[in-house]
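Chains as they are written, first to last, in our numbering: chain A, -5 to 649; chain B, 2 to 110; chain C, 6 to 171.
Structure, as structure tokens:
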């Protein structure tokens, strides 16, 4: 079965080619069938492989397909890594991916046929790239997938390419990712120069022999790549803007899968990070700072997708905190649960947007009555992300926080404070959207134009589908079924990793992933945690989360925050002015520098040199032309002069 | 006589021939200057031939005779050259009614 | 100063003077006559070097046949001093300078050559006699001799073809 692993990425590639090349010929239903069917096939195959891998005593395998790069002693094969970590990610990607494809068939139904096919071909290409990223058995193959998902992210953010703002958002995402990718690329070069190979199986056993300084450099560069892809400080600002893409795209790429690529990469390279404590500290602090910053920003956002985007950044920050403190299993666990509940949140938000063609939560409210399935699934997801037991988020977040406490209690305090903020802003979002009364009726006439630009995909329908309370209804089955499935997963997903305190040896995920992180666990001093202390920590975090939930619920369900924020609120609503600071510190100086180069260096130096060279040649040839007079006498004279020069050179100069 | 004298005499004659080629426009004069240069070389060959003879006649009584044979052949070639060259000049005069080499600027085109 | 030396110097001066006059004179006829004078002095040198055969051939072929041919052509064309247009003055100076530079280079190069003890024998030796040269020519150099006859034939044909009126 494992030898058929190459089929897993091949199916989405096939779907991409079919949908992309035949987009003008295929009917919409056929397009949807190809798009979903290929992913479903990949999912089933992944599940089969997963069962094989999850058998006891499974050894990690490398399936080599063909040699990719061979230069002297450096051999980089096109190979796939099949082990617990990669198959787990396979399941998340193809599983969540399939649900989101299914959801998209309904959500994107108003698109014309060729654009519909274009959308699905991009989505399939994305799944292909993501699978390549996860399956690659060396950093080079991983980099191919890494670049591929960046490209697909760009294509899908700019899916409605006629809107200039969306194009700019796409470009921003692409450029931010490129900055990170440069770090990744440098890390790969450094790895090849230090280890003489890019293959994981060759590198990791050799890691302890490499100097700590080299490892620190490698891991820091890899981490720069991860900050780009996984939206961490300082490269996170692209992710909120990436919400310009269709909502299922936000769910799949910018919440569930692509942004976790950085986590995957670091988890994969865990031994390198364990051996470089400096980098671990940097990773932990960056993750924590990102989590806190994004959570504060999310408090005052009014766009439903923006809130979710910032919560994604915040949760990614948690994952990096986990990686930084050595809780690799916890991070991967959180990736998994986050994939469930964040995909669910986005799809729920998409369902809301689909129903009322509005993204501003101030114009929502009271949707509980109209959209019961969306409401209940959304509520579950909110509980999960807030970390209320027994929803999945509690288990994974708690594992990370416990590890953080072991490392440094300050990490824990900030982490818990962020958890409070998370619970608060998620339930602010929930309460404003689903509770209270609907506030959209009297606002829709003059805001009609905004709504179109907010979600142009739904443009034609919004003309005769005015958002008043009578016409709002639950979304079709293709949208609700993925919601329900994801809701179930979001609720029960946490039971894959029950902490030791509650039940001995029930942390299934920890056992499953054990072999992958074996080398790192051996290096880390296992601090035994008294159960009472762990329970206390859990109690604190749950209590804090509950405080956040209750405060938000009571405060916003009756009287939502409609007026423009002031004071600190305004700063938060403006995202700490980070975009403006970047603009002033980086973009504008670069533009000015570019303008300087263009106006001064280009015009007066380069142009001058180029034109000067041309002018010199022209002038000299105009002069030299006169020698070619056709007069034999002149030629003979030149011949004699040449002879004299030759004689002088031969007889005098050479000696 | 020391060989130097002959060498310098020949070189002087040769250079006068070169200067003549460069300064005159009349094709016939230029041709005559070429003949002068040939004769300068001939003189040098004969001088060298005698130089070799005096150095080597004890071993080989005919040493240096090759140089004089060579001069003979140069004269033969020069005679042939003159016959063809003068024919060309006559031809050129017939076409342009001039022997000015500056009329022969076809190389320009 | 021995008579040989007197002869050498006077012949050399005559040759150089005649060559310069050949180049400098305006009238082509005068040039031809000066060139004949050069040839005569060179023949004198040949005799000094005991190359009697070459001296006679030089006189017969060059001074006699070739120069008479030149005279014929010049007279046929009716050229005189006025027919030659003046060349560009600067080009003339450049020509003289180039020739002078060539001479200077040669002299400078040969000045220090170690040739002081090499003597070109005058008034002695018999390799220049017609019998010796004839032996060598028809013995060792018979093939080049025959080839040169073919050269003459082709030159003759060429002269006829070129000179023929179309």
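For glycine and all other residues, C-beta sits at the position ideal for the given N, C-alpha and C.
Could you please give me the residues that DSSP links to residue 309 of chain A through a beta bridge?
Note: residue 309 of chain A sits in no beta bridge, so no partner.
If you measure beta-carbon to beta-carbon, which residues of the region 6 to 38 of chain C are closer than 8 angstroms to chain B?
If the cut-off is 8 angstroms between Cβ atoms, the region 6 to 38 of chain C has 9, 10, 13, 17, 20, 21, 24, 25, 27, 28, 33, 36, 37 near chain B.
Grab me the residues of residue 68 of chain C's own chain with a C-beta within less than 8 angstroms of its C-beta, minus the 5 sequence neighbours each way, in chain order.
Correct list, in chain order: 41, 44, 45, 48.
Compare the C-alpha of residue 192 of chain A against each of A:247, A:204, A:134 and name the closest.
Checked all of A:247, A:204, A:134; the closest Cα to residue 192 of chain A is A:134.
Using beta carbons (cut-off 8 angstroms, strictly below), is residue 626 of chain A in contact with chain C?
Answer no: the Cβ-Cβ gap between residue 626 of chain A and chain C never drops below 8 angstroms.
Taking the alpha-carbon positions, what's the residue 352 of chain A to residue 17 of chain A distance?
Roughly 30 angstroms between the two C-alpha positions.
Strictly below 9 angstroms CB to CB, what residues from chain B border residue 52 of chain C?
Under the 9 angstroms cutoff, chain B gives no residues; its nearest Cβ is about 11 angstroms from residue 52 of chain C.
Taking the C-alpha atoms as reference points, what is the distance between residue 27 of chain B and residue 26 of chain C?
Each residue's alpha carbon lies about 15 angstroms from the other.
Are the C-beta atoms of residue 35 of chain B and some chain A residue less than 8 angstroms apart?
Answer no: the Cβ-Cβ gap between residue 35 of chain B and chain A never drops below 8 angstroms.
Answer yes if the region 296 to 305 of chain A comes into contact with the region 221 to 241 of chain A, meaning at least three C-beta pairs across the two stretches below 8 angstroms, and no otherwise.
Contact between the region 221 to 241 of chain A and the region 296 to 305 of chain A is present, because at least three Cβ pairs lie under 8 angstroms.
Helix, strand or coil: how does DSSP classify residue 125 of chain C here?
Three-state DSSP puts residue 125 of chain C in coil, outside helix and strand.
Note down, in chain order, each residue of its chain lying with its Cβ closer than 6 angstroms to the Cβ of residue 410 of chain A, except the 5 sequence neighbours on either side.
Excluding positions up to five away in sequence, the list reads 535, 538.
In chain order, what residues of the same chain have a beta carbon less than 7 angstroms from the beta carbon of residue 490 of chain A, not counting five sequence neighbours either side?
The answer, listed in chain order, is 502, 503.
I believe residue 399 of chain A touches residue 315 of chain A by the beta-carbon criterion, under 8 angstroms. Please report the beta-carbon distance rounded to the nearest angstrom.
Residue 399 of chain A to residue 315 of chain A, Cβ: 11 angstroms. No contact.
Count the other C-beta atoms from every protein chain shown that fall within 10 angstroms of the C-beta of residue 36 of chain B, then say buried if there are 16 or more, exposed otherwise.
Buried, by the Cβ-count rule.
For the region 99 to 118 of chain C, enumerate the residues whose C-beta is nearer than 8 angstroms to any C-beta of chain A, in chain order.
Result list: 99, 100, 103, 104, 106, 107, 110, 111, 113, 114.
Cα-Cα, which of A:256, A:345, A:52 is closest to residue 467 of chain A?
Nearest option by C-alpha distance: A:345.
By how many angstroms is the C-alpha of residue 341 of chain A removed from the C-alpha of residue 408 of chain A?
When rounded, the distance between both Cα atoms is 30 angstroms.
Of the choices A:561, A:306, A:267, whose alpha-carbon is the least far from that of residue 517 of chain A?
Closest option to residue 517 of chain A, Cα to Cα, is A:267.
Is residue 69 of chain A helix, strand or coil by DSSP?
In this structure, residue 69 of chain A counts as strand in the three-state DSSP scheme.
Closest to residue 220 of chain A by CA distance: which of A:161, A:311, A:146 is it?
Of the listed residues, the one whose Cα sits closest to residue 220 of chain A is A:311.
Chain A beta carbons: is any one of them nearer than 8 angstroms to that of residue 23 of chain B?
For residue 23 of chain B, the answer is yes, since a Cβ of chain A falls inside 8 angstroms of its Cβ.
Quick one: what does DSSP say residue 66 of chain B is sitting in, helix, strand or coil?
It is helical.
For residue 161 of chain C, which of B:54, B:70, B:78 has the nearest alpha-carbon?
Nearest C-alpha to residue 161 of chain C: B:78.
Going by beta carbon distance, what residues of the same chain come within less than 7 angstroms of residue 70 of chain A, once the five residues before and after it are set aside?
Answer for residue 70 of chain A: 62, 63, 132, 134, 192, listed in chain order.
So residue 51 of chain B contacts chain C; which residues on that side make the cut at Cβ distance below 9 angstroms?
Near residue 51 of chain B (Cβ distances below 9 angstroms), the residues of chain C are 54, 55, 56, 124, 125, 126, 127, 129, 130, 132, 133.
Pick from A:227, A:322, A:377: whose alpha carbon is nearest that of residue 572 of chain A?
Nearest option by C-alpha distance: A:227.
Name the chain C residues whose beta carbon is nearer than 9 angstroms to that of residue 641 of chain A?
Chain C residues near residue 641 of chain A: 107, 110, 111, 114.
Have a look at A:384, A:387, A:213, A:68 and flag the residue whose alpha-carbon is nearest the alpha-carbon of residue 196 of chain A.
Checking every option, the nearest Cα to that of residue 196 of chain A belongs to A:68.
Residue 57 of chain A by DSSP, collapsed to three states: which one?
It is a strand residue.
Between the Cα of residue 474 of chain A and the Cα atoms of A:371, A:549, A:401, A:430, which residue gives the shortest distance?
Nearest option by C-alpha distance: A:371.
Report buried or exposed for residue 15 of chain C, applying the criterion of at least 16 other Cβ atoms within 10 angstroms of its Cβ.
That one is exposed.
Which residues in chain A sit within 8 angstroms of residue 96 of chain C, going by Cβ to Cβ distance?
The contacting residues are 627, 628, 631.
According to the Cβ coordinates, are residue 416 of chain A and residue 554 of chain A closer than 8 angstroms?
No, the Cβ-Cβ distance between residue 416 of chain A and residue 554 of chain A is not below 8 angstroms.
Apart from the five residues just before and just after residue 74 of chain A, which ones in its own chain have a Cβ nearer than 6 angstroms to its Cβ?
Closer than 6 angstroms at the Cβ level, and outside the excluded window around residue 74 of chain A, lie -1, 57, 129, 131.
Check whether the Cβ atoms of residue 348 of chain A and residue 160 of chain A sit closer than 8 angstroms, and answer yes or no.
Contact: no.
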